[in-house]
Amino acid sequence: MCVAILYRRLPGEGLDAIIAAFREAAAHDPLGAVLIVPTSRLADDIAHRLLDGGTPTFGDAVTTLAGFARRVFEDHAETESLVTPSQSRLIIADILAARASDLPLLVRGDRAGSGVVDELATLFEVLITRKVDYPEALGDLQGEKSAEIGLVFDAYLHFLDERALVDESLLLAWAARWLGGGGPDRTGPVFMYGLYEPMPLERDLILAIRERAPELHYVVPRADNPAVFLDDGIWIRPDMVDDDRTPPEERGRIAGLFSGREIGGTVRIAARKDRIDEVRAIAQEVRNLTDRGVPPGDIAVAFPDLPEAMVYVEEVFPDFGIPYASSRGAALIRSPLARALLSIIATPVHGYRREDVVALVNSPYINRGQFPTGAVVDTLSREARITGGAGSWDEHLKTLFASLEAEIAAPDTPEGSRRRCDAMLTAIAGVREGLGRLFADLAILGGAETITGHLAAYRSLLDRWGCPVMPDAGDPDLLRCEARDHATFFRALDTLEETARLLPGRKVSPAGFLSALSLLAAGTGTGGRRTRNTVQVVGIREIAHLTIPHLFIA
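Numbering (my numbering), first residue to last: 5 to 558.
This is how it looks when you write it as structure tokens:
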């Protein structure tokens with residue numbers, strides 16, 4: 005029978021004590037003791053602290069609740085497979101496309117936009133972790149849209165169940181069921197710190213751990229402000245309760261941070277006109293601190309939407325000479341390399357628009373000399389008044405060619421104009437021949453095909469063109485970023501191919517293929533790195549319980 009001890013502490017307090025207790029338990033049970041904290045960043049920080057103190061940890065002994073559930077799943081799942089958040093979004097997108105006629109409020113046209121897919125994925129995560137019976141929970145507020153959402157939600161859960169798939173939300177329920185089933189594997193002492201008001205599904209897993217582990221030490225953040233701290237931890241059914249002994253005036257000061265009252269001089273608030281101006285102002289403050297001798301590792305910048313903010317950080321911080329690291333880079337779809345590779349599909353999908361074709365042949369990632377240069381195509385297409393359409397390109401260029409020939413043949417044409425026209429004729433001939441080859445190559449991407457079939461044609465075209473063309477020399481940081489984006493993009497292709505095997509072998513249009521790949525690129529980070537001696541750029545949820553001397557919240 006598990007002995008459960010509940011500790012109520014001010015936010016950020018009691019961490020050293022729980023680490024010390026875990027260190028002692030790990031010395032006696034190195035393979036069984038587990039410390040569970042709210043964020044992976046805090047877990048990494050604690051693991052570094054333990055290592056620096058001479059106590060190495062084994063595997064993921066210091067982890068998050070989701071990380072613990074993943075470990076249980078990976079150790080004991082026999083027939084089930086885990087799907088990533090990106091794969092979940094692709095599954096939702098496929099359901100929307102397949103049921104489009106039943107979902108007029110969610111799907112306009114034949115496919116839903118990435119925004120709808122992202123919102124549904126977020127909603128489904130909330131419904132699952134909160135154990136909400138949807139749409140019945142809406143009561144009298146149910147309507148046509150909630151009915152459509154409920155239909156997609158049921159189809160999504162049925163899809164996963166039918167194929168023995170588990171997403172990252174259902175992973176918690178799977179681990180709780182396995183622990184409650186009384187499997188033979190032993191569980192060591194478990195320490196949990198700082199989980200703020202766990203969701204119902206998270207509570208199920210915590211209670212399953214409480215019944216399974218020989219001892220549970222649970223530290224709940226608590227202060228004298230019931231508007232913020234509702235969770236008293238009593239739901240874990242503790243055998244002992246250790247209440248906070250901090251003086252009342254100190255507890256009141258901490259709780260007051262959330263009250264709206266005037267705060268001390270160590271906290272400053274500033275407003276800026278837009279996000280780029282805000283990031284520049286933060287960068288200047290950070291540079292001022294480092295110039296005064298503050299180590300970069302003592303500074304963190306937190307954003308509510310990290311992937312979106314990374315676009316500005318990557319643009320601004322290098323201008324100020326700030327070394328920084330992030331757990332996640334910008335979304336892959338923001339990468340110039342990824343956008344260039346996606347434009348190969350987008351150009352025929354959008355009807356060979358003039359600006360798309362010019363951008364395609366102008367891209368250094370695509371055109372290594374096998375096609376006319378972007379500048380020449382741009383100039384001649386303007387002269388020929390081309391707007392788009394695969395067939396209209398050659399037709400308009402032929403018309404321009406004929407008009408130039410007529411101008412040359414006219415007896416009153418000056419010699420200089422004849423030479424100019426003659427040079428343009430040569431250029432037009434080269435552009436017609438080069439674009440003819442380009443459009444013929446792009447034609448293999450046309451027609452309805454399975455996702456797997458589209459991927460095969462796309463990969464074949466990339467191989468034939470030698471794309472992307474990677475630079476041999478240049479700024480080392482830029483080369484490193486391009487190599488990272490290259491690897492991430494082709495991993496995204498692999499992920500799409502793996503997911504396609506799970507989906508029905510339905511044929512989709514090239515636009516549908518582009519939509520699926522773009523959705524994946526939008527949900528894939530370009531990868532980050534965590535370096536302790538640099539400014540940490542983090543998501544707002546990552547900073548919980550960390551000790552950060554200088555924190556900027558954007």
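In this text, a Cβ means the ideal position worked out from N, Cα and C, and glycines have one as well.
Since the model is a prediction, treat every value here as computed from it, not as a measurement.
Taking contact to mean at least 3 C-beta pairs separated by less than 8 Å, is the region 365 to 385 in contact with the region 431 to 448?
-> yes
Rounded to a whole number of angstroms, what is the C-alpha to C-alpha distance between K402 and M428?
-> Counted from its first residue, the sequence shown places residue 402 at position 398. Counted from its first residue, the sequence shown places residue 428 at position 424. Those two C-alpha atoms are separated by around 12 Å.
Report the rounded CA-to-CA distance for D278 versus N292, giving the unit in angstroms.
-> Counting from one through the sequence shown, the residue named residue 278 turns up at place 274. Counting from one through the sequence shown, the residue named residue 292 turns up at place 288. Cα to Cα, the separation comes out at about 21 Å.
Y462 versus F233: straight-line alpha-carbon distance, rounded = Position 458 of the sequence shown, counting from 1, holds the residue named residue 462. Position 229 of the sequence shown, counting from 1, holds the residue named residue 233. Spanning the two alpha carbons is a distance of roughly 53 Å.
Would you mind reading off the limits of the beta strand (DSSP E) that contains D243?
-> What you label residue 243 is simply residue 239 of the sequence shown in a count that begins at 1. That residue, D243, is in no beta strand (DSSP E); it is neither H nor E in DSSP.
Simplified DSSP assignment, three categories, for G529 = As a working mapping, residue 529 is identified with position 525 in the sequence shown. Correct three-state label for G529: strand.
Just the Cα atoms here: how many angstroms apart are D281 and I557?
-> Numbered from 1 along the sequence shown, position 277 holds the residue referred to as residue 281. Numbered from 1 along the sequence shown, position 553 holds the residue referred to as residue 557. Cα to Cα, D281 sits roughly 14 Å from I557.
Classification of D144 by the beta-carbon crowding that lies within 10 angstroms, buried from 16 upward | Counting from one through the sequence shown, the residue named residue 144 turns up at place 140. So D144 counts as exposed.
Leaving aside the five residues before and after F62 along the sequence, list all residues of the same chain whose C-beta is less than 7 Å from its C-beta, in chain order.
-> If you number the sequence shown from 1, residue 62 lands on position 58. Excluding residues within five positions, the ones whose Cβ falls inside 7 Å are P34 and L35.
Indicate whether G127 and I96 have their beta-carbon atoms separated by less than 8 Å.
-> Sequence index remark: in the sequence shown, residue 127 carries index 123 (1-based). Sequence index remark: in the sequence shown, residue 96 carries index 92 (1-based). In the sequence as presented, Gly is not what sits at residue 127; that position holds Leu. No; because the gap between Cβ atoms is not below 8 Å, this pair is not in contact.
Report the rounded CA-to-CA distance for N537 versus D302, giving the unit in angstroms.
-> As a position in the sequence shown, residue 537 is number 533, starting the count at 1. As a position in the sequence shown, residue 302 is number 298, starting the count at 1. Approximately 8 Å, taken between the alpha carbons.
With DSSP run on the structure shown, which of helix, strand or coil describes T270?
-> By one-based count along the sequence shown, residue 270 stands at place 266. T270: coil per DSSP, three-state reduction.
Should the region 202 to 209 be called in touch with the region 38 to 51, which here means at least 3 C-beta pairs below 8 Å?
-> no
DSSP state of F556, grouped into three classes?
-> Numbered from its first residue, the sequence shown carries residue 556 at position 552. Note: F556 maps to strand in three-state DSSP.
L155 beta carbon less than 8 Å from that of D106 | Reading the sequence shown from its first residue, position 102 is the one you call residue 106. Reading the sequence shown from its first residue, position 151 is the one you call residue 155. Contact: yes.
V365 to L94, Cα distance in whole Å?
-> Taking the first residue of the sequence shown as position 1, residue 365 is located at position 361. Taking the first residue of the sequence shown as position 1, residue 94 is located at position 90. So the two alpha carbons sit approximately 30 Å from each other.
For Q374, which of helix, strand or coil comes out of DSSP?
-> Numbered from its first residue, the sequence shown carries residue 374 at position 370. Coil at Q374, not helix or strand.
Taking the alpha carbon of I22 as the point to measure from, which residue in R45, S44, L54 and D189 has its own alpha carbon closest?
-> Indexing the sequence shown from 1 puts residue 22 at position 18. Out of R45, S44, L54 and D189, L54 has the C-alpha closest to the C-alpha of I22.
Between A444 and P475, what straight-line distance do the alpha-carbon atoms span, to the nearest angstrom?
-> Position 440 of the sequence shown holds residue 444. Position 471 of the sequence shown holds residue 475. Distance between the alpha carbons of A444 and P475 is about 27 Å.
Beta-bridge pairing of S85 - partner residues as DSSP gives them = Stepping through the sequence shown from its first residue, residue 85 is reached at position 81. Its beta-bridge partners are L169.
Taking the continuous beta strand (DSSP E) assigned at I40, which residues delimit it?
-> Within the sequence shown, residue 40 is the residue found at index 36, counting from 1. V38 to I40 is the extent of the beta strand (DSSP E) around I40.
Just grab the DSSP bridge partners of P225 for me.
-> Start at 1 with the first residue of the sequence shown, and residue 225 comes out as number 221. P225 pairs with R13.
Proximity of Y328 and V541 at Cβ, strictly below 8 Å | Translated into the one-based positions of the sequence shown, residue 328 becomes position 324. Translated into the one-based positions of the sequence shown, residue 541 becomes position 537. Yes, the pair counts as a contact, with Cβ atoms nearer than the cut-off.
If we count Cβ pairs, one from each stretch, closer than 8 Å, do we get three or more for the region 416 to 427 versus the region 386 to 395?
-> no
Under a three-way DSSP split, which group does T67 fall into?
-> Sequence index remark: in the sequence shown, residue 67 carries index 63 (1-based). T67: strand per DSSP, three-state reduction.
For L220, I'd like the list of residues in its chain whose CB is within less than 6 Å of its CB, leaving aside the five on either flank, ordered along the chain.
-> Here residue 220 is taken as the residue at index 216 of the sequence shown, counted from 1. Cβ neighbours of L220 beyond the five flanking positions: C6, A8, V194 and R214.
To which residues does DSSP link S330 through a beta bridge?
-> The residue you call residue 330 lines up with position 326 of the sequence shown. V541, per the DSSP bridge assignment.
Does DSSP put L220 in a helix, in a strand, or in coil?
-> As a working note, residue 220 is residue 216 in the sequence shown. When secondary structure is reduced to three states using DSSP, L220 falls in the strand class.
The alpha helix (DSSP H) spanning F128 covers which residue range?
-> As a first step, residue 128 must be located in the sequence shown, where it is residue number 124. Its alpha helix (DSSP H) spans residues S118 to T133.
Residues near C471 by beta carbon distance below 6 Å, same chain, minus five either side | Indexing the sequence shown from 1 puts residue 471 at position 467. Around C471: I370.
Considering only C-alpha positions, which residue in the set L555, A548 and I240 is nearest to P15?
-> Along the sequence shown, read from residue 1 onward, the residue named residue 15 stands at position 11. For P15, the nearest C-alpha among the options comes from A548.
If you compare alpha carbons, which of D398, P242 and F321 is closest to Y356?
-> Reading the sequence shown from its first residue, position 352 is the one you call residue 356. Considering only alpha carbons, the answer is D398.
Just reading off the beta strand (DSSP E) that A306 is part of, what are its end residues?
-> Translated into the one-based positions of the sequence shown, residue 306 becomes position 302. From DSSP, the beta strand (DSSP E) with A306 extends over I303 to F307.
The region 518 to 530 / the region 330 to 341 touching (three or more Cβ pairs under 8 Å) = In short, these stretches touch, since the Cβ pair count reaches three.
Distance CB(A313)-CB(F321) smaller than 8 Å = Residue numbering aside, residue 313 sits at position 309 when the sequence shown is read from its first letter. Residue numbering aside, residue 321 sits at position 317 when the sequence shown is read from its first letter. No, these two residues do not count as a Cβ contact at 8 Å.
Could you tell me the boundaries of the beta strand (DSSP E) in which F233 lies?
-> As a first step, residue 233 is located in the sequence shown; it is residue number 229 there, counting from the start. Here F233 belongs to no beta strand (DSSP E), and DSSP marks it neither H nor E.
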